[in-house]
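Quick notes on the structure that follows.
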Amino acid sequence: KEAEMSEFNLQEEIDIAIKSCFHLIDNPPEQYRIVRQAIQGLIALWNLDPVIQPSLLNKILQVVQHPEIHRSHPRRYAVRGLGQIAQMDESLTISIVDILVGLLKRDVEGSQYVRKAAFCALSRIGRKYPHMQGYLVPIFSAYSNLPNIKVSQKWGICIGVGRMSQVNPILRALWKDKWISACYSEEFRMRWAGIKGLGHACCSVGNTVNDVQLEEITYKICMDFIQYGQCRDSMSDSDLENFRRSNPWKNEEFYLVQYAAVGA
453 KEAEMSEFNL QEEIDIAIKS CFHLIDNPPE QYRIVRQAIQ GLIALWNLDP VIQPSLLNKI
513 LQVVQHPEIH RSHPRRYAVR GLGQIAQMDE SLTISIVDIL VGLLKRDVEG SQYVRKAAFC
573 ALSRIGRKYP HMQGYLVPIF SAYSNLPNIK VSQKWGICIG VGRMSQVNPI LRALWKDKWI
633 SACYSEEFRM RWAGIKGLGH ACCSVGNTVN DVQLEEITYK ICMDFIQYGQ CRDSMSDSDL
693 ENFRRSNPWK NEEFYLVQYA AVGA
(Lines of atoms letter the chains of each structure in order from A and count residues from 1; the text may use other names and numbers.)
(Lines give C-alpha, C1' and ligand atoms only; values in the text may rest on other atoms or scores of the structure.)
Protein backbone atom coordinates (compact mmCIF):
# COMPACT_ATOMS: atom_id res chain seq x y z
CA LYS A 1 0.00 0.00 0.00
CA GLU A 2 2.87 2.37 0.83
CA ALA A 3 4.42 1.65 -2.57
CA GLU A 4 1.11 2.47 -4.28
CA MET A 5 0.84 5.73 -2.36
CA SER A 6 4.43 6.63 -3.23
CA GLU A 7 3.79 5.94 -6.91
CA PHE A 8 0.61 8.02 -6.77
CA ASN A 9 2.44 10.93 -5.14
CA LEU A 10 5.19 10.78 -7.79
CA GLN A 11 2.64 10.86 -10.61
CA GLU A 12 0.89 13.77 -8.93
CA GLU A 13 4.19 15.66 -8.71
CA ILE A 14 4.91 14.91 -12.39
CA ASP A 15 1.48 16.26 -13.36
CA ILE A 16 2.04 19.43 -11.34
CA ALA A 17 5.48 19.93 -12.89
CA ILE A 18 4.13 19.51 -16.42
CA LYS A 19 1.23 21.90 -15.83
CA SER A 20 3.60 24.48 -14.38
CA CYS A 21 5.96 24.25 -17.37
CA PHE A 22 3.05 24.39 -19.82
CA HIS A 23 1.66 27.48 -18.07
CA LEU A 24 4.99 29.32 -18.34
CA ILE A 25 5.25 28.48 -22.03
CA ASP A 26 1.64 29.44 -22.80
CA ASN A 27 1.95 32.65 -20.76
CA PRO A 28 5.56 33.72 -21.21
CA PRO A 29 6.62 36.12 -18.43
CA GLU A 30 8.60 39.28 -19.02
CA GLN A 31 11.66 37.46 -17.72
CA TYR A 32 11.82 35.31 -20.84
CA ARG A 33 14.67 33.16 -19.53
CA ILE A 34 12.14 31.49 -17.24
CA VAL A 35 10.63 29.91 -20.36
CA ARG A 36 14.04 28.33 -20.96
CA GLN A 37 13.79 26.70 -17.53
CA ALA A 38 10.33 25.40 -18.37
CA ILE A 39 11.67 23.82 -21.57
CA GLN A 40 14.54 22.21 -19.69
CA GLY A 41 12.03 20.95 -17.15
CA LEU A 42 10.01 19.20 -19.87
CA ILE A 43 13.17 17.57 -21.22
CA ALA A 44 14.01 16.31 -17.72
CA LEU A 45 10.54 14.75 -17.47
CA TRP A 46 10.76 13.02 -20.86
CA ASN A 47 11.75 9.53 -19.72
CA LEU A 48 9.43 9.34 -16.71
CA ASP A 49 6.31 8.32 -18.62
CA PRO A 50 5.94 7.43 -22.34
CA VAL A 51 2.29 8.51 -22.24
CA ILE A 52 3.22 12.17 -21.70
CA GLN A 53 5.89 12.33 -24.40
CA PRO A 54 3.67 13.43 -27.33
CA SER A 55 2.30 16.38 -25.37
CA LEU A 56 5.80 17.37 -24.21
CA LEU A 57 7.11 17.26 -27.78
CA ASN A 58 4.21 19.33 -29.08
CA LYS A 59 4.74 21.96 -26.40
CA ILE A 60 8.46 22.27 -27.23
CA LEU A 61 7.61 22.53 -30.93
CA GLN A 62 5.14 25.28 -30.04
CA VAL A 63 8.03 27.41 -28.75
CA VAL A 64 10.12 26.75 -31.88
CA GLN A 65 7.31 27.55 -34.28
CA HIS A 66 6.11 30.84 -32.76
CA PRO A 67 8.79 33.55 -32.98
CA GLU A 68 6.06 36.17 -32.65
CA ILE A 69 5.47 34.94 -29.08
CA HIS A 70 8.82 33.64 -27.91
CA ARG A 71 12.18 35.38 -28.19
CA SER A 72 15.21 33.69 -29.70
CA HIS A 73 16.68 32.77 -26.30
CA PRO A 74 13.97 30.26 -25.26
CA ARG A 75 13.55 29.17 -28.86
CA ARG A 76 17.24 28.21 -29.01
CA TYR A 77 16.75 26.04 -25.96
CA ALA A 78 13.67 24.48 -27.51
CA VAL A 79 15.74 23.60 -30.58
CA ARG A 80 18.41 22.16 -28.33
CA GLY A 81 15.67 20.22 -26.55
CA LEU A 82 14.58 18.64 -29.83
CA GLY A 83 18.14 17.39 -30.28
CA GLN A 84 18.11 15.93 -26.77
CA ILE A 85 14.81 14.16 -27.42
CA ALA A 86 16.22 12.62 -30.60
CA GLN A 87 19.16 11.30 -28.60
CA MET A 88 16.80 9.74 -26.03
CA ASP A 89 14.33 8.28 -28.55
CA GLU A 90 15.83 6.99 -31.80
CA SER A 91 12.36 6.43 -33.30
CA LEU A 92 11.92 10.23 -33.46
CA THR A 93 15.33 10.95 -34.97
CA ILE A 94 14.32 11.23 -38.64
CA SER A 95 11.34 13.48 -37.91
CA ILE A 96 13.36 15.77 -35.65
CA VAL A 97 16.28 15.93 -38.08
CA ASP A 98 13.87 17.02 -40.82
CA ILE A 99 12.57 19.81 -38.58
CA LEU A 100 16.07 20.97 -37.64
CA VAL A 101 17.36 20.91 -41.22
CA GLY A 102 14.36 23.02 -42.21
CA LEU A 103 15.33 25.61 -39.58
CA LEU A 104 18.71 26.09 -41.26
CA LYS A 105 17.04 27.90 -44.15
CA ARG A 106 16.97 31.67 -43.83
CA ASP A 107 13.54 31.93 -45.48
CA VAL A 108 12.16 29.51 -42.87
CA GLU A 109 13.94 30.77 -39.74
CA GLY A 110 14.76 34.44 -39.37
CA SER A 111 16.96 34.26 -36.28
CA GLN A 112 20.59 33.48 -37.02
CA TYR A 113 20.98 32.31 -33.42
CA VAL A 114 18.19 29.76 -33.75
CA ARG A 115 19.82 28.55 -36.96
CA LYS A 116 23.09 28.19 -35.05
CA ALA A 117 21.28 26.19 -32.36
CA ALA A 118 19.92 23.90 -35.09
CA PHE A 119 23.46 23.15 -36.29
CA CYS A 120 24.50 22.35 -32.73
CA ALA A 121 21.49 20.09 -32.15
CA LEU A 122 22.09 18.25 -35.43
CA SER A 123 25.74 17.71 -34.55
CA ARG A 124 24.79 16.07 -31.25
CA ILE A 125 22.46 13.75 -33.14
CA GLY A 126 25.26 12.99 -35.62
CA ARG A 127 27.60 12.08 -32.77
CA LYS A 128 24.98 9.87 -31.10
CA TYR A 129 24.04 8.14 -34.38
CA PRO A 130 27.14 8.09 -36.63
CA HIS A 131 25.16 6.52 -39.49
CA MET A 132 23.34 9.86 -39.82
CA GLN A 133 26.55 11.67 -40.71
CA GLY A 134 26.37 10.60 -44.34
CA TYR A 135 23.32 12.86 -44.57
CA LEU A 136 24.35 15.60 -42.12
CA VAL A 137 28.00 16.29 -43.00
CA PRO A 138 27.29 17.37 -46.62
CA ILE A 139 24.67 19.79 -45.28
CA PHE A 140 27.17 21.28 -42.84
CA SER A 141 29.80 21.55 -45.56
CA ALA A 142 27.41 23.17 -48.03
CA TYR A 143 26.36 25.86 -45.56
CA SER A 144 29.94 26.52 -44.45
CA ASN A 145 30.86 27.38 -48.04
CA LEU A 146 28.08 29.94 -48.52
CA PRO A 147 29.58 33.42 -49.06
CA ASN A 148 26.99 35.29 -46.98
CA ILE A 149 26.64 32.93 -44.02
CA LYS A 150 26.57 34.63 -40.61
CA VAL A 151 29.50 34.23 -38.22
CA SER A 152 27.20 32.73 -35.59
CA GLN A 153 26.24 29.94 -37.99
CA LYS A 154 29.86 29.33 -38.99
CA TRP A 155 30.51 29.07 -35.25
CA GLY A 156 27.83 26.38 -34.93
CA ILE A 157 29.13 24.49 -37.97
CA CYS A 158 32.76 24.60 -36.83
CA ILE A 159 31.99 23.28 -33.36
CA GLY A 160 29.32 20.90 -34.64
CA VAL A 161 31.65 19.16 -37.09
CA GLY A 162 34.19 18.84 -34.27
CA ARG A 163 31.53 17.15 -32.18
CA MET A 164 30.66 14.68 -34.95
CA SER A 165 34.35 13.96 -35.59
CA GLN A 166 34.59 12.43 -32.12
CA VAL A 167 33.25 9.25 -33.71
CA ASN A 168 34.61 9.83 -37.23
CA PRO A 169 38.41 10.00 -37.74
CA ILE A 170 38.00 10.62 -41.49
CA LEU A 171 35.92 13.71 -40.79
CA ARG A 172 38.51 14.82 -38.24
CA ALA A 173 41.30 14.53 -40.81
CA LEU A 174 39.30 16.49 -43.40
CA TRP A 175 38.48 19.37 -41.05
CA LYS A 176 41.55 19.75 -38.84
CA ASP A 177 43.14 22.40 -41.09
CA LYS A 178 39.88 24.39 -41.05
CA TRP A 179 39.75 24.37 -37.24
CA ILE A 180 43.39 25.42 -36.97
CA SER A 181 42.83 28.19 -39.53
CA ALA A 182 39.79 29.41 -37.57
CA CYS A 183 41.99 29.73 -34.47
CA TYR A 184 43.92 32.50 -36.23
CA SER A 185 40.88 34.32 -37.57
CA GLU A 186 40.46 38.07 -37.05
CA GLU A 187 36.96 37.32 -35.72
CA PHE A 188 37.15 36.25 -32.08
CA ARG A 189 34.04 34.09 -32.36
CA MET A 190 35.80 32.02 -35.00
CA ARG A 191 38.86 31.66 -32.77
CA TRP A 192 36.47 30.48 -30.09
CA ALA A 193 34.84 28.03 -32.51
CA GLY A 194 38.16 26.81 -33.88
CA ILE A 195 39.60 25.84 -30.51
CA LYS A 196 36.30 24.30 -29.37
CA GLY A 197 36.13 22.26 -32.58
CA LEU A 198 39.69 21.06 -32.01
CA GLY A 199 38.88 20.23 -28.40
CA HIS A 200 35.97 18.04 -29.45
CA ALA A 201 38.01 16.40 -32.22
CA CYS A 202 40.73 15.44 -29.74
CA CYS A 203 38.25 13.72 -27.38
CA SER A 204 37.47 10.53 -29.28
CA VAL A 205 34.39 8.52 -28.37
CA GLY A 206 34.04 4.74 -28.45
CA ASN A 207 36.59 2.91 -30.55
CA THR A 208 37.75 5.99 -32.46
CA VAL A 209 41.54 6.24 -32.38
CA ASN A 210 43.08 9.48 -31.10
CA ASP A 211 45.18 11.76 -33.31
CA VAL A 212 48.20 12.39 -31.09
CA GLN A 213 49.71 14.99 -33.43
CA LEU A 214 46.48 16.98 -33.47
CA GLU A 215 46.33 16.80 -29.67
CA GLU A 216 49.80 18.36 -29.46
CA ILE A 217 48.81 21.16 -31.85
CA THR A 218 45.60 21.79 -29.94
CA TYR A 219 47.41 21.89 -26.61
CA LYS A 220 49.86 24.49 -27.93
CA ILE A 221 47.05 26.72 -29.24
CA CYS A 222 45.14 26.31 -25.97
CA MET A 223 48.13 27.51 -23.97
CA ASP A 224 48.57 30.50 -26.28
CA PHE A 225 44.88 31.39 -25.98
CA ILE A 226 44.83 31.05 -22.21
CA GLN A 227 47.88 33.31 -21.90
CA TYR A 228 47.20 35.80 -24.68
CA GLY A 229 43.53 35.38 -25.54
CA GLN A 230 44.15 36.17 -29.19
CA CYS A 231 47.22 34.03 -29.84
CA ARG A 232 49.45 37.12 -30.07
CA ASP A 233 52.78 35.32 -29.71
CA SER A 234 54.78 38.45 -30.57
CA MET A 235 53.08 40.64 -27.96
CA SER A 236 54.84 41.06 -24.62
CA ASP A 237 52.91 40.83 -21.36
CA SER A 238 53.15 44.60 -20.81
CA ASP A 239 52.02 45.36 -24.36
CA LEU A 240 49.11 42.96 -23.95
CA GLU A 241 48.04 44.62 -20.69
CA ASN A 242 48.23 48.10 -22.24
CA PHE A 243 46.16 46.92 -25.20
CA ARG A 244 43.44 45.56 -22.92
CA ARG A 245 43.35 48.71 -20.80
CA SER A 246 43.00 50.94 -23.86
CA ASN A 247 40.26 48.71 -25.31
CA PRO A 248 38.03 47.73 -22.36
CA TRP A 249 35.36 46.29 -24.64
CA LYS A 250 37.99 43.84 -25.96
CA ASN A 251 38.10 42.14 -22.55
CA GLU A 252 35.05 40.07 -23.44
CA GLU A 253 36.81 38.78 -26.53
CA PHE A 254 39.82 37.74 -24.49
CA TYR A 255 37.74 36.05 -21.84
CA LEU A 256 35.52 34.14 -24.24
CA VAL A 257 38.48 32.83 -26.22
CA GLN A 258 40.25 31.89 -22.98
CA TYR A 259 37.06 30.21 -21.73
CA ALA A 260 36.84 28.16 -24.92
CA ALA A 261 40.52 27.20 -24.65
CA VAL A 262 40.08 25.98 -21.08
CA GLY A 263 37.06 23.95 -22.21
CA ALA A 264 39.07 22.46 -25.08
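The opening position of the sequence shown corresponds to residue 453 in the numbering used here, with each subsequent residue numbered one higher.
Ideal placement from N, C-alpha and C gives every residue a C-beta, glycine not left out.
Note that the structure is a prediction, hence the values are computed from the model and not measured.
Query: Within 8 Å, strictly: CB atoms of residue 616 and residue 589; Result: yes
Query: Residue 658 (DSSP reduced to helix, strand or coil); Result: coil
Query: First through last residue of the alpha helix (DSSP H) which encompasses residue 540; Result: 524-540
Query: Between the CA atoms of residue 474 and residue 468 - distance to the nearest angstrom; Result: 10 Å
Query: Length of the line joining the Cα atoms of residue 515 and residue 576; Result: 20 Å
Query: Neighbourhood of residue 517 by C-beta distance below 8 Å, restricted to the same chain and skipping five residues each side; Result: none
Query: Best match in 488, 558, 655, 653 for proximity to residue 600 [C-alpha to C-alpha]; Result: 558
Query: Where residue 664 sits in the DSSP three-state scheme; Result: helix
Query: Proximal residues to residue 619 (C-beta, below 7 Å), its chain only, five neighbours per side dropped; Result: 579, 582, 657, 658, 660
Query: Classification of residue 642 by the beta-carbon crowding that lies within 10 angstroms, buried from 16 upward; Result: buried
Query: Boundaries (first-last residue) of the alpha helix (DSSP H) holding residue 621; Result: 621-634
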